[in-house]
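S.K.: Under full-length UniProt numbering, think of the first position of the sequence shown as 1, with each following residue one higher. Questions regarding the structure given below will be posed in turn.
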Amino acid sequence: MANYKPVSHFDAYRRFGSVCLTIRHGIKEMNMKHKVYYKIILAVTLLDLVLLTACIPVCHTVYPLKVKNCTSDTLIIGGTCYYSIDSIPYFLYARTNVGSMVIKERGTMEIKGSFIPPDSIGIASKAIVLDKDFGYKGYFFIIKLEDARKHTWNFICKNKLYDVLVVTKKMADENGDLIEYKPQPAK
1 MANYKPVSHF DAYRRFGSVC LTIRHGIKEM NMKHKVYYKI ILAVTLLDLV LLTACIPVCH
61 TVYPLKVKNC TSDTLIIGGT CYYSIDSIPY FLYARTNVGS MVIKERGTME IKGSFIPPDS
121 IGIASKAIVL DKDFGYKGYF FIIKLEDARK HTWNFICKNK LYDVLVVTKK MADENGDLIE
181 YKPQPAK
């Protein structure tokens, strides 16, 4: 206790006050730095939002193209913008059906849905079938369900056991995007 010096209240207050002033000054500097960082972060976030909204459409509507089966057969209908049955990206589906149809590697068709019963409507995306790059012309390849069950995909393609329905944008617009499929009489 020999080195202990008593400190007066005034001296202690002066030291504490200078510490408080130093802390306040440091806080002000930190606040200024934080304000700059917050402004930078806000500017970068706003820039990101502007760039994202410029690239991504705010609203995208898919317009359906409907094909009505006016036959007494159940059909499988594939739609594409190419005149090739092998270019079908997907098959039309009826609103009541849930499922899909898969063409296996060995050429057989596994049917779990995607067929259009008589007097029903199949639905496809208008933008995919009537592509503007192909002159707004699309093709529907129509296969009877009984043929699909009896034969392989390769046999159906080779022997042309399908019918082709050519659709244009003008034809679709005139009929309210509803195309009726009626088979052509045999010649």
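Glycine is no exception: its CB is placed at the ideal position from the N, C-alpha and C atoms. Given the structure is predicted, the values throughout are model-derived calculations rather than measurements.
In the DSSP assignment, the beta strand (DSSP E) including residue 137 goes from what residue to what residue?
M.R.: Locating residue 137 in the sequence shown gives position 137, where the first residue counts as 1. Residue 137 -> beta strand (DSSP E) spans 137 to 144.
S.K.: Name the two residues that bound the continuous alpha helix (DSSP H) containing residue 116.
M.R.: Translated into the one-based positions of the sequence shown, residue 116 becomes position 116. Segment: none, residue 116 is in no alpha helix (DSSP H) and carries neither H nor E.
S.K.: Assuming contact is defined by CB atoms lying nearer than 9 Å, are residue 170 and residue 123 in contact in what I supplied?
M.R.: Sequence index remark: in the sequence shown, residue 170 carries index 170 (1-based). Sequence index remark: in the sequence shown, residue 123 carries index 123 (1-based). Their beta carbons are not under 9 Å apart, which means residue 170 does not touch residue 123 by this criterion.
S.K.: Going by C-alpha distance, which of 93, 87, 136 and 167 is nearest residue 157?
M.R.: Translated into the one-based positions of the sequence shown, residue 157 becomes position 157. Looking at the Cα atoms, 87 is the closest of the given residues.
S.K.: Taking 9 Å as the cut-off, decide whether the C-beta atoms of residue 134 and residue 92 are in contact.
M.R.: Position 134 of the sequence shown holds residue 134. Position 92 of the sequence shown holds residue 92. It is not a contact, given that the beta carbons lie outside the stated cut-off.
S.K.: So residue 116 packs on residue 80, CB below 8 Å; how close in whole Å?
M.R.: On the sequence shown, position 116 is the one that residue 116 refers to. On the sequence shown, position 80 is the one that residue 80 refers to. At roughly 16 Å, the Cβ-Cβ gap does not stay under 8 Å, so residue 116 and residue 80 are not in contact.
S.K.: In the DSSP assignment, what are the bridge partners of residue 92?
M.R.: Sequence index remark: in the sequence shown, residue 92 carries index 92 (1-based). Residue 92 is not bridged to any residue.
S.K.: May I ask you to list the residues that DSSP assigns as paired with residue 124?
M.R.: Counting from one through the sequence shown, the residue named residue 124 turns up at place 124. Its beta-bridge partners are 65.
S.K.: Beta-carbon separation of residue 143 and residue 165 under 9 Å?
M.R.: Against the sequence shown, residue 143 aligns to sequence position 143. Against the sequence shown, residue 165 aligns to sequence position 165. In this structure, residue 165 does not lie closer than 9 Å to residue 143 by Cβ.
S.K.: How would you label residue 94, buried or exposed, when you count the other beta carbons within 10 angstroms and need 16 or more for buried?
M.R.: Within the sequence shown, residue 94 is the residue found at index 94, counting from 1. Result: buried.
S.K.: Is the separation between the beta-carbon of residue 63 and that of residue 126 shorter than 9 Å?
M.R.: Locating residue 63 in the sequence shown gives position 63, where the first residue counts as 1. Locating residue 126 in the sequence shown gives position 126, where the first residue counts as 1. Taking 9 Å as the Cβ cut-off, residue 63 and residue 126 qualify as a contacting pair.
S.K.: Can you tell me where the beta strand (DSSP E) with residue 77 in it begins and where it stops?
M.R.: Locating residue 77 in the sequence shown gives position 77, where the first residue counts as 1. Taken as a continuous stretch (DSSP letters only), the beta strand (DSSP E) holding residue 77 covers 75 to 80.
S.K.: Are residue 68 and residue 121 touching if we call contact CB-CB under 9 Å?
M.R.: What you label residue 68 is simply residue 68 of the sequence shown in a count that begins at 1. What you label residue 121 is simply residue 121 of the sequence shown in a count that begins at 1. Result yes, Cβ atoms of residue 68 and residue 121 sit closer than 9 Å.
S.K.: Starting from residue 163, trace the beta strand (DSSP E) in both directions and tell me its first and last residue.
M.R.: Your numbering for residue 163 matches position 163 in the sequence shown. Start and end: 163 to 168.
S.K.: What first and last residue would you give for the alpha helix (DSSP H) that runs through residue 156?
M.R.: What you label residue 156 is simply residue 156 of the sequence shown in a count that begins at 1. Here the alpha helix (DSSP H) through residue 156 covers 153 to 158.
S.K.: Does DSSP classify residue 181 as helix, strand or coil?
M.R.: What you label residue 181 is simply residue 181 of the sequence shown in a count that begins at 1. Of the three classes helix, strand and coil, the one that applies to residue 181 here is strand, per DSSP.
S.K.: Here's a check: name, in chain order, each residue in its chain whose Cβ is nearer than 7 Å to the Cβ of residue 76, leaving out the five neighbours to either side.
M.R.: As a working note, residue 76 is residue 76 in the sequence shown. Result list for residue 76: 91, 101, 114, 115, 143, 145 and 148, in chain order.
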